[in-house]
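Heads up, the thing below is written out as structure tokens.
Chains as they are written, first to last, in our numbering: chain A, 1 to 696; chain B, 697 to 821.
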């Protein structure tokens, strides 16, 4: 059979998967030799590799996998036991296949001669390392560059581009729909068929929008991988290291489905391997020592991962002898890392952080690569590099635990910080074509366009108006106004802002899934100074500009005093989103994190309306509302609850406590929210029966 | 116009591709499935396929066991079935006898052997 490259590619993919499964399974077999299901799976893997290799006339690979299949059959039938020696042989077979697959991957067609190797294997003796090395015809794989990803970046880029184009297509469709709607509404065009069509198109567009949102999420998730992609190979590493030192150890992985950014996993992998070898080399005692102290002869190493919001917590634990604080202290003093007085100030738990300092080592003997020092400082460096944090929890005699706290993603975006309508926003730099200052006195707008040197006539809009503000913060007699020129494909939009600030590298925090995709907002972030700022979705800005707002000259400042609203929520993203929406519409907004803080604010200022979450620490929303209702000044305060709890009972409870409106975060609609706020400010006593009735 | 429909069930994408390439060039309509549930869609279709090729070692249900089930079902018992496997020929022969399959083919196979077997068993319309 000719080696068709298409077939070879499929073979390589399948062989790698089967190999990984084989290696993992063979090690597991050592611990559970009578697991029939595992046995069957291993046989199937070996059989599949054999079959596929033969189909492509890859005889050496076929021969080795055939041998493996035969051995596994003998284990299954009970003829031989899955001893450590046999497992070593099987792993050797896997290594041989792996090397030959690597050759193919490197594009080398020649097949090595496995006769000598097979001779050893059939005699059940472990082939010398040289025989295995001889199989390697391709150069040793170079350690992957730190910022490399497994999926071709071009693929992800292309996907994102398509996605962008889809958005533009969707916008075009929306325009057509508008025209159709106008025709359908006019008396001349009003026929049943046309009206029907218009409604159907509306539905179609909603569906399209939904699909695009999902694609967006999927593309984002391309960067996420489960921990198991890294931890799957650890069982083998652990076994090898333990065997070299005459120790026994088993690996336990919890939370291997936990998803982290690819790049992050790549950067943490060496650190985790290091912790692994370190735990075996320095943490675990020999089987003899362990039995003497009443422990099982084999040690257990547990890696567990879980997500806590935007961080991942990875713990690395062994049940060995733990660290000896006295030895650490002595070494630190000896190395001059501490002075006697500073040492005295640190207790036993704190002294352990010295092990994270460069050059530290308590190993009595320097043997091979595993024996030297520990390079815990290398681990610490890797963790701090990804903006994480490493902590040590020690239990002398019982074991040691390392806790890594890392951000889930290293995705950062460059964005320009601007001020508009009294608020700050971030505009992704990728969408900015240029930043200019224009002279307002020379500007004339009849068609909602501005003439820019280099760019010609482009549509122009006030950013704060685009974001929905109905009143303009008076720009006074400012003659020069900053302008950010946005680009989307070959479309341009000039956005007038109030002020320009720095370009920052920010970590994009996606809004909590409870707040559905909000038009105009891509996500949020926390600035170095602690402020929460929204990152704008520029595609939506283009949409908004198309639909309505163009530049309008500043109106005289509104004569009516602005209403002051308090927003209470323990979630930063919810808080800033709600506050932003309200202030963009001309309200004065204060925020509080919980009921207690809210009451403090009520003591300092007068508010016309309260927007509150329910589930908050210290004092929740319901208690807050009840407290406020008891006080004279707030007995009639209009209150809007915004919560993720959606049951009728929760709603009723909020209403009984005294809230007038109850909105569910998962179904949050900006316009509905603003309508309620506006209505309540005009008629504070009105209860939204209509809303309640619809929801129940 | 597409020729007779042939269904191939095998958990290896490589096998599916090779068989599909071989048979579709000869004018057959090929339906591939990598697990039994996917395959059922094609096996239980109306009209039924002209031939079903089954791998033997499969993750959930081995091919020979699947065939035993299909042979008891009225809708499918008359469809010609063959095994395609890298098990040794004698074993496959035994399986054919035990399950009532209509033939077998060993992996690796020559394209010509596959075509000959198919031609023999598929009743052309």
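Beta carbons: idealized from backbone N, C-alpha and C, even for Gly.
- In this structure, the beta-carbon distance from residue 375(A) to residue 282(A) does not fall below 9 Å.
- Assigned with DSSP and collapsed to three states, residue 501(A) falls in strand.
- The C-beta of residue 14(A) comes closer than 9 Å to at least one C-beta of chain B.
- Exclusion of the five residues before and after residue 77(A) leaves no residue of its chain whose Cβ lies closer than 7 Å to its Cβ.
- Interface annotation, residue 713(B): in contact with chain A, CB-CB separation under 9 Å.
- Annotated as proximal: residue 729(B) and residue 704(B), with beta-carbon spacing under 9 Å.
- By the 16-neighbour rule on beta-carbons within 10 angstroms, residue 492(A) is buried.
- Close CB contacts of residue 349(A) within its chain, under the 6 Å cut and outside five residues either way in sequence, are absent.
- Note on residue 727(B): 16 or more other CB atoms within 10 angstroms of its CB, so buried under the neighbour-count rule.
- Your pair residue 418(A) and residue 427(A) checks out as a contact, with CB atoms roughly 6 Å apart and the cut at 8 Å.
- Neighbours of residue 48(A) in chain B, taken as residues whose beta carbon is under 8 Å from its own, are 707, 708 and 753 in chain order.
- Sequence-distant Cβ neighbours of residue 202(A) in its own chain, meaning closer than 7 Å and more than five residues away, are 177.
- When CB distances to chain A are screened at a threshold of 7 Å, the residues of the region 769-788 of chain B falling below it are 782, in chain order.
- Here residue 431(A) is buried. Its C-beta has 16 or more other C-beta atoms within 10 Å.
- The DSSP-derived three-state label of residue 273(A) is helix.
- Counting along the chain, residue 301(A) sits inside no alpha helix (DSSP H); it lies in the beta strand (DSSP E) bounded by residues 299-308.
- For residue 464(A), no beta strand (DSSP E) encloses it; the enclosing alpha helix (DSSP H) starts and ends at 463-466.
- Taking all protein chains in view, the Cβ of residue 200(A) is surrounded by fewer than 16 other Cβ atoms within 10 Å, so the residue is classified as exposed.
- A contact between stretches requires three or more CB pairs, one per stretch, nearer than 8 Å, and the region 729-739 of chain B fails this requirement with the region 29-44 of chain A.
- For residue 400(A), the enclosing beta strand (DSSP E) begins and ends at 399-407.
- Cβ neighbours of residue 449(A) within its own chain (closer than 7 Å, five residues either side excluded): 457, 458, 459 and 460.
- Looking only at 117(A), 101(A), 118(A) and 116(A), the smallest Cα-Cα distance to residue 110(A) is reached by 101(A).
- Close to chain B, meaning a Cβ-Cβ distance shorter than 7 Å, are the following residues of the region 8-32 of chain A: 10, 11 and 14.
- When the five nearest sequence neighbours on each side are left out, the beta carbons in the same chain lying within less than 8 Å of the beta carbon of residue 43(A) are those of 69, 72, 73 and 76, in order along the chain.
- Contacts with chain A at 9 Å (Cβ-Cβ) do not include residue 738(B).
- In the DSSP assignment, the residues bridged to residue 704(B) are 728(B) and 749(B).
- Burial is judged here by how many other beta carbons sit within 10 angstroms of a residue's own beta carbon; residue 259(A) has at least 16 and is buried.
- Scanning chain B for C-beta atoms nearer than 9 Å to the C-beta of residue 55(A) yields 708, 710, 711, 714, 782, 803, 804 and 805, reported in chain order.
- The shortest CA-to-CA distance from residue 209(A) to any of 584(A), 174(A) and 7(A) is the one to 174(A).
- Between residue 434(A) and residue 466(A), the CB-CB gap reaches or exceeds 9 Å.
- For residue 73(A), the closest Cβ of chain B is not nearer than 9 Å.
- Residue 664(A) is positioned such that its CB atom lies no closer than 9 Å to that of residue 574(A).
- Beyond the five residues adjoining it in sequence on each side, residue 325(A) comes within less than 8 Å, by CB distance, of 348, 349, 351, 352, 394 and 396 in the same chain, given in chain order.
- Sorting 519(A), 124(A) and 527(A) by C-alpha distance to the C-alpha of residue 540(A) places 519(A) at the top.
- Contact annotation: the region 307-316 of chain A does not touch the region 287-299 of chain A, with fewer than three C-beta pairs closer than 8 Å.
- Boundaries of the beta strand (DSSP E) harbouring residue 664(A): 661-664, taken from the DSSP string.
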